[in-house]
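Protein chains in written order, with my numbering: chain A, 1 to 302; chain B, 303 to 604.
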């Protein structure tokens, strides 16, 4: 497989396994598409599906998924803790290998148009695909949720990018867009003073003047086994090529040192592209001339 | 592709491109086998071919390669700087993914027997596949080279493992065996005192009481562009799971510190399995619970 694009759609169903399975089957049955993972959250009444393939395979699987979800999920009868506006609520496309963000933006437009035409579900382009600044942020698009969407799309600024101003009566609207791969990354400290984690989180996150593409918060964590409490800096690395993980590790270390505090361990949640790890190995080992594409054996197979 | 075995045979031809191409074509034409690289050395009159696949594909490609090389290469007319005993001189099998050293040992026996039966080339099993301790070392097997081999195989201790005591009249004998993937790894120092590199090399290598599966030497290197001379610790990491690269980096750093000397950069030569790099990232970033197989996205595709 030369090109790899990853899609991680969220569907508004997390309680009826047969509906989730029927949706996931649309991915499984698409040639060239590989299902990596799926999981449901009952309290959110929402499921996350992860699959990869080249642009054509991901396009097919994504359109089929929206059609099936629109057939089986009725948001008029949907309850859950997580805000939502569509049967498929959000569908991001991430460039993993041999493709650019631009390729994923192009794919999001192709898929967006097909979803509107073939499933009758209007589409907002979001994140990197957004056609207006206020549409980059999914939270702003989703504000008002399914119940308020029929009215919202009548507003001058909120006509969907595809499908016109009439939402699907049961499946609502869907946000489709390109975004870089995200790595969820936590650093545990040898202190139970959560304020230290909060201070460090504020230093490293983009919002408060820290590193670009880093979102972070400080939490108090209780170890389930021992009951011991400790502080944690929890990060979402939204573009690990812009700000690599090692830069956050080293910054958290030297900022923690001010308090005599150390990083006890770090944790990557879920899937992680190998480049995020290899970039860190290259920094620490000073392999400055290493050619990731050519020298990693596996890159010749994928 | 689930299972990956890598083979890196050396053939005794580096001057006639048409012969090298004909041999490489045997790899190219084997379904399920991927040619990664090949290169020829004129002064050695020798070529290295690298390919991967599952056991069945590597078996087929390897047997075809020996047949073709035996047909086209006549060691009675071979001259070159590198010692050699066969048209295919040596054929190692390396476990890369979803297979063990034992799988590669098994493969080496299957391929060894087929080479003897189908190409008429007697085979010595070497390295991990060796049937006697003195056959682990290729240099000991090859001693006497092609010219002395007809006589050597008559000695009580030197009957080949497959094919009996009569060498192939033009293609000699071949060594086949399993070995772990090797990473060639150099560390440059900010000194021109080669003795410091030699001292450190001696500390880290297995032979002199250092780390298992590390071979190392100290060299003086002259930068081709600037003419500046510096000392280098050059390592062959013959099993990066036994002794990971970061352990060598950190040891070279603290041993160099005794002389006020630092590592300026390191270099990995050629191909490197991603796990060698990810293991280092895990150490430096303290991601101690990271699950390589499950959490590296690419492991779900390969």
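The beta-carbon is built from N, C-alpha and C at its ideal position, and this holds for glycine as well. Bear in mind the structure is a predicted one, so any value in this text is a computation, not a measurement.
- Taking 9 Å as the threshold, the shortest C-beta distance from residue 362 (chain B) to chain A does not fall below it.
- DSSP, read as helix, strand or coil, puts residue 130 (chain A) in coil.
- Cα atoms of residue 228 (chain A) and residue 194 (chain A): separation of roughly 13 Å, rounded to the nearest angstrom.
- In the DSSP annotation of this structure, the continuous segment of the beta strand (DSSP E) that includes residue 234 (chain A) starts and ends at 229-237.
- The C-alpha of residue 286 (chain A) lies about 35 Å from the C-alpha of residue 360 (chain B).
- Looking at the backbone, the Cα of residue 299 (chain A) and that of residue 96 (chain A) are separated by about 12 Å.
- Runs of beta strand (DSSP E) with 3 or more residues, each lying fully within the segment 235-273 of chain A, are found at 263-269, listed in chain order.
- Sorting B:328, B:477, B:385 by C-alpha distance to the C-alpha of residue 415 (chain B) places B:477 at the top.
- According to the DSSP assignment, residue 49 (chain A) belongs to the beta strand (DSSP E) that extends over 46-53.
- The closest CA to that of residue 480 (chain B), considering only B:427, B:449, B:552, B:460, is found on B:427.
- In this model, residue 535 (chain B) and residue 471 (chain B) are separated by some 42 Å (Cα to Cα).
- Residue B:533 holds the alpha-carbon nearest to the alpha-carbon of residue 558 (chain B) among B:546, B:544, B:533, B:574.
- Taking 9 Å as the threshold, the shortest C-beta distance from residue 334 (chain B) to chain A does not fall below it.
- Within the segment 258-273 of chain A, the residues whose Cβ lies closer than 8 Å to some Cβ of chain B are 263, 264, 265, 266, 267, 268, 270, 271, 272, 273, listed in chain order.
- In chain order, 586, 587, 588 make up the part of chain B whose C-beta sits under 9 Å from the C-beta of residue 249 (chain A).
- In this structure, residue 297 (chain A) places its C-beta atom within 9 Å of the C-beta atom of residue 354 (chain B).
- By the criterion of a C-beta distance shorter than 8 Å, residue 434 (chain B) is surrounded in its chain by 459, once the five residues flanking it on both sides are discounted.
- Between residue 198 (chain A) and residue 207 (chain A), the gap from beta carbon to beta carbon reaches 9 Å or more.
- With 16 or more other Cβ atoms from the protein chains shown falling within 10 Å of its own Cβ, residue 78 (chain A) counts as buried.
- Under the Cβ distance rule, residue 404 (chain B) does not count among the residues neighbouring chain A, no pair being separated by less than 9 Å.
- DSSP, read as helix, strand or coil, puts residue 389 (chain B) in coil.
- Rounded to the nearest whole angstrom, the C-alpha separation of residue 462 (chain B) and residue 365 (chain B) is 17 Å.
- The contact set of residue 280 (chain A) on chain B, defined by CB atoms closer than 7 Å, consists of 583, 586, 587 in chain order.
- Contact between the segment 135-152 of chain A and the segment 83-92 of chain A is present: three or more C-beta pairs spanning the two stretches fall below 8 Å.
- For the pair residue 390 (chain B) and residue 295 (chain A), the Cα-to-Cα distance works out to about 25 Å.
- Counting C-beta pairs with one atom in each stretch, the segment 542-552 of chain B and the segment 570-581 of chain B have three or more that are closer than 8 Å, which means they touch.
- In summary, no residue of the segment 214-229 of chain A has a CB separated from any CB of chain B by less than 7 Å.
- In this structure residue 254 (chain A) is exposed. Its beta-carbon is surrounded by fewer than 16 other beta-carbon atoms within 10 angstroms.
- Taking the CA atoms as reference points, residue 218 (chain A) sits about 27 Å from residue 594 (chain B).
- The beta-bridge partner set that DSSP reports for residue 94 (chain A) consists of A:6.
- When Cβ-Cβ separations below 9 Å define contact, residue 246 (chain A) makes contact with chain B.
- An exposed status is given to residue 224 (chain A), since fewer than 16 other beta-carbon atoms sit within 10 Å of its beta-carbon.
- Under the Cβ distance rule, residue 483 (chain B) counts among the residues neighbouring chain A, one pair being separated by less than 9 Å.
- By the criterion of a C-beta distance shorter than 7 Å, residue 469 (chain B) is surrounded in its chain by 424, 451, 452, 455, 475, once the five residues flanking it on both sides are discounted.
- For residue 579 (chain B), the nearest beta carbon of chain A is closer than 9 Å to its own beta carbon.
- Rounded to whole angstroms, the separation of the alpha carbons of residue 413 (chain B) and residue 420 (chain B) is 10 Å.
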